[in-house]
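Line order of the protein sequences matches chains A and B. Using the working numbering, the letters of the first sequence map in sequence onto residues 516 to 854. Using the working numbering, the letters of the second sequence map in sequence onto residues 1013 to 1278.
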Amino acid sequence: MRTHPLKRGVPLVTISLLTAVLAMVAAPFVGPTPLSMRDVFSATQPFADNMDAQIFFLARLPRALAAGLVGGTLATAGVVFQALLRNPLATPYTLGISAGASLGAMVAITFGAAIPLGLPFGGVTGASLAGAGLAVLVVYALASARHSGLSTTVLLLAGVTMNAFFSALILFVQYLSDFTETFRALRWLMGDLDVAGYQPILAALPLVVLALLAFSWLARPLNLMTLGANAAATRGVDVVRSQRVAFFAGSLATGAAVSVGGPIGFVGIIVPHLVRLVVGADHRVVLPASFGVGATFLVACDVLARTVMSPLELPVGIITALIGGPFFLYMLISRTRAI
Amino acid sequence: MLSATDLSFAFGTQRVLWDVSMDVRAGGMVGVLGPNGCGKTTLLRLLAGSLPADRGVVSLDGRALTSIDRRNLARRIAVVPQHTHLAFDYSVLEVALMGRYPHLGAFEVEGPEDLAAAHAALEATGTAHLAHRAFTTLSGGEQQRVAIASALAQLDVRTSAQSHATRFLLLDEPTASLDLRYQVEVAALIARLHAEGQASDSPLSIVTSTHDLRFAATVCTTLVLLAEGRVMAVGPPGQVLTPETLSTVYGLTPSLAASLIPAGLR
Chain A
516 MRTHPLKRGV PLVTISLLTA VLAMVAAPFV GPTPLSMRDV FSATQPFADN MDAQIFFLAR
576 LPRALAAGLV GGTLATAGVV FQALLRNPLA TPYTLGISAG ASLGAMVAIT FGAAIPLGLP
636 FGGVTGASLA GAGLAVLVVY ALASARHSGL STTVLLLAGV TMNAFFSALI LFVQYLSDFT
696 ETFRALRWLM GDLDVAGYQP ILAALPLVVL ALLAFSWLAR PLNLMTLGAN AAATRGVDVV
756 RSQRVAFFAG SLATGAAVSV GGPIGFVGII VPHLVRLVVG ADHRVVLPAS FGVGATFLVA
816 CDVLARTVMS PLELPVGIIT ALIGGPFFLY MLISRTRAI
Chain B
1013 MLSATDLSFA FGTQRVLWDV SMDVRAGGMV GVLGPNGCGK TTLLRLLAGS LPADRGVVSL
1073 DGRALTSIDR RNLARRIAVV PQHTHLAFDY SVLEVALMGR YPHLGAFEVE GPEDLAAAHA
1133 ALEATGTAHL AHRAFTTLSG GEQQRVAIAS ALAQLDVRTS AQSHATRFLL LDEPTASLDL
1193 RYQVEVAALI ARLHAEGQAS DSPLSIVTST HDLRFAATVC TTLVLLAEGR VMAVGPPGQV
1253 LTPETLSTVY GLTPSLAASL IPAGLR
């Protein structure tokens, strides 16, 4: 009877993280060219002559790792934004971060050749991070203008407005671009994990690690903040600081994930919801478990994207949207019925 | 002692409290009365230190609340809000454990003492059998009792150095949205907690805002009657609940006001 409620969570977190690692290692074996494990890890064949190893390590493994990193990051960012906004239907994109990132990417794709942006990690990645940063600062300024903390109502409304405004700017930039640029831009907006190497992953990794460290500090304050800012404050939570950390760390995670894979939708809402159904609501369990399940989910979706219309490779964002759209509607309906 | 001196507060240009002064003594049982919108909730928030006063000071044993570390403060003063709305499905035990927040370090996990405190609080409020239920599935009366349990777990200082200091439990209209049976139940629970608090090493002082005159007359030792943000009367129930004060504050005819005063005070 007197067991700690967290005890149940430890094995679940372990399983979810192990599954994610397994998925990332197994996914590269699936694809139009079958690979044999013996050839991939062959010690006798030099790497330069080993086709199987080259496909595995240079083409497919980076993509699986990117899927894992992006999926896990978006899922945990979703958890944080849902707790910050006290709304289980919030996503990492609710506050306009992905729209800002997309605008940045569109600008880089369309005008990148004309204006040397001089940003790190290559033009598009850097520009999408800069766009995300711009959106974050505008939304933060709006939500904290007349409050000591962050007003969740203003956050939500500002986010919705920023999404609409940036979408209009994206269309404007699209209108100015030529056919090839428009095609590249559209592919980027669909959300694609065709990262072509480890470089984008290594660029995003420090940002993600920083955000995850902040999340681990946030886990308990987030639990109390679901009681409301007032109730959390009377229990000794520094609400203003926790809200700020949640907002900026969640935005950092989202911006980093979007810079790698584009605005891949629905991972940040499906995964946290499913995880809560199994492990309960304690963020000390929900956050790490969501990382594992989110990583596994996106790796699986990407395998589906690569194989379902083989040899054609679909952008993974289409797969997550096809699964996520109906799921979101189901959630909306089942929740409104409960109210 | 928790005391407020000349508190004034405004939300923007809307003045809510004017020069409110009141004391909550160790072991006191204070009722805050007054019409809707007279500033009861705001006064409780100022007393808890979760809202800074525009003018005036709230002090705990002579120290201004603003100079006390928020976690130390939370171990002395706990608040039960009018409604507890949870955005996610926490279990009753988890809600009670949330009260242990100010007793733990940033990355510390609740230990056996925290679990014991949470279970004791659930026992005290008669909700131990609900420990593994989801909070959102409980009835209003059960939710209110669990919210009180969470506050009690928060004030449980048996293992800390402050174990002889007075603890303050602030309740905002704890019976407002409850049906008759739960009103009686929660009122009896508050009276019992207060009585038990007097018997323990660290006395429990309770401040509760209420519209229930019978509860105010029978359970409270001191009443504060607010009207439009000002203190109209302070003192023992017999002095505060008079036909004159009630008719002025609530805009009733003197005969109707007199008929509302609980039998014991007439």
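Cβ atoms here follow ideal geometry from the backbone N, Cα and C, with glycine treated the same way.
Query, Result
"Buried or exposed (CB count within 10 angstroms, at least 16 for buried), B/ASP1213", "exposed"
"Contacts that A/HIS519 makes with chain B (C-beta to C-beta distance below 8 Å)", "VAL1121, GLU1122 and LEU1127"
"Helix, strand or coil at B/GLY1043 according to DSSP, with G and I counted as helix", "strand"
"Inter-residue spacing [alpha-carbon to alpha-carbon] between A/LEU576 and A/ALA656", "40 Å"
"DSSP-derived helix/strand/coil call for A/PHE556", "coil"
"Among B/GLY1111, B/MET1041 and B/LEU1055, nearest to B/ILE1202 - alpha-carbon criterion", "B/MET1041"
"Collapsed DSSP secondary structure at B/GLN1026 in the structure displayed", "strand"
"B/ILE1218 in three-state terms, based on DSSP", "strand"
"Which residues DSSP lists as bridging B/THR1017, in chain order", "B/VAL1069"
"Spatially closest choice to B/GLN1210 from B/ALA1200, B/VAL1219, B/GLY1241 and B/THR1178, by CA coordinates", "B/THR1178"
"Residue environment, B/HIS1115, which counts as buried when at least 16 other CB atoms sit within 10 Å", "buried"
"Interface residues of chain B facing A/VAL506 [CB-CB closer than 9 Å]", "Limits of chain A in this structure are 516 at one end and 854 at the other, which puts residue 506 of chain A out of reach."
"Residue burial classification, A/LEU813 (beta-carbon count within 10 angstroms, cutoff 16)", "buried"
"Residue-chain proximity (B/GLU1106, chain A), Cβ-Cβ < 9 Å", "yes"
"Residue environment, A/LEU603, which counts as buried when at least 16 other CB atoms sit within 10 Å", "One point to set straight first is that residue 603 of chain A is Pro, not Leu, in the sequence displayed. A/PRO603 is buried by the Cβ-count criterion."
"Simplified DSSP state of A/SER666, which is helix, strand or coil", "coil"
"Contained alpha helix (DSSP H) runs [length at least 4] in the region 779-812 of chain A, N- to C-terminal order", "782-794"
"Within-9 Å CB hit, B/GLY1152 to chain A", "no"
"Neighbourhood of A/LEU829 by C-beta, 6 Å cutoff - its chain only, sequence neighbours within 5 removed", "ALA820"
"Touch test, the region 765-774 of chain A against the region 665-685 of chain A, Cβ-Cβ under 8 Å, three pairs minimum", "no"
"Identity of the residue in A/LEU844, A/GLN758, A/HIS798 and A/ILE779 nearest A/THR835 by Cα", "A/ILE779"
"CA-to-CA distance, A/VAL775 to A/PRO635, given in whole angstroms", "Per-residue confidence for A/PRO635 stands at a pLDDT of 45, beneath the threshold of 50, marking its modelled position as unreliable; no derived number is given."
"Contacts around A/LEU725, its chain only, beta-carbon distance under 8 Å, and the 5 residues preceding and following it disregarded", "ALA764 and LEU767"
"Residues near B/GLU1240 in its chain [Cβ-Cβ closer than 7 Å; skip 5 each side]", "CYS1050"
"Close beta carbons around A/LEU701, own chain, < 7 Å, minus the five adjacent residues each side", "none"
"Presumed contact (8 Å Cβ cut-off) between A/ARG750 and B/GLY1111, rounded CB distance", "7 Å"
"CB contact below 9 Å: A/LEU739 versus chain B", "yes"
"Contact list for B/ARG1083 against chain A, beta-carbon separation under 7 Å", "GLY751"
"Contacts of B/PRO1093 in chain A (Cβ-Cβ under 9 Å)", "LEU742, GLY743, ASN745, ALA746 and THR749"
"Residue of A/PHE698, A/TYR608 and A/THR625 minimising C-alpha distance to A/LEU672", "A/TYR608"
"Pair within 9 Å by beta-carbon distance, A/GLY777 and A/GLY706", "yes"
"Cβ pair count under 8 Å reaching 3, the region 1063-1078 of chain B against the region 1262-1278 of chain B", "no"
"Interface flag, A/SER731 vs chain B, CB-CB below 9 Å", "yes"
"Per-residue burial, B/VAL1121 [other beta carbons within 10 Å of its own, 16 or more giving buried]", "exposed"
"Any C-beta of chain B under 9 Å from that of A/PRO603", "yes"
"Beta-carbon spacing of B/LEU1058, B/ALA1016 below 9 Å", "yes"
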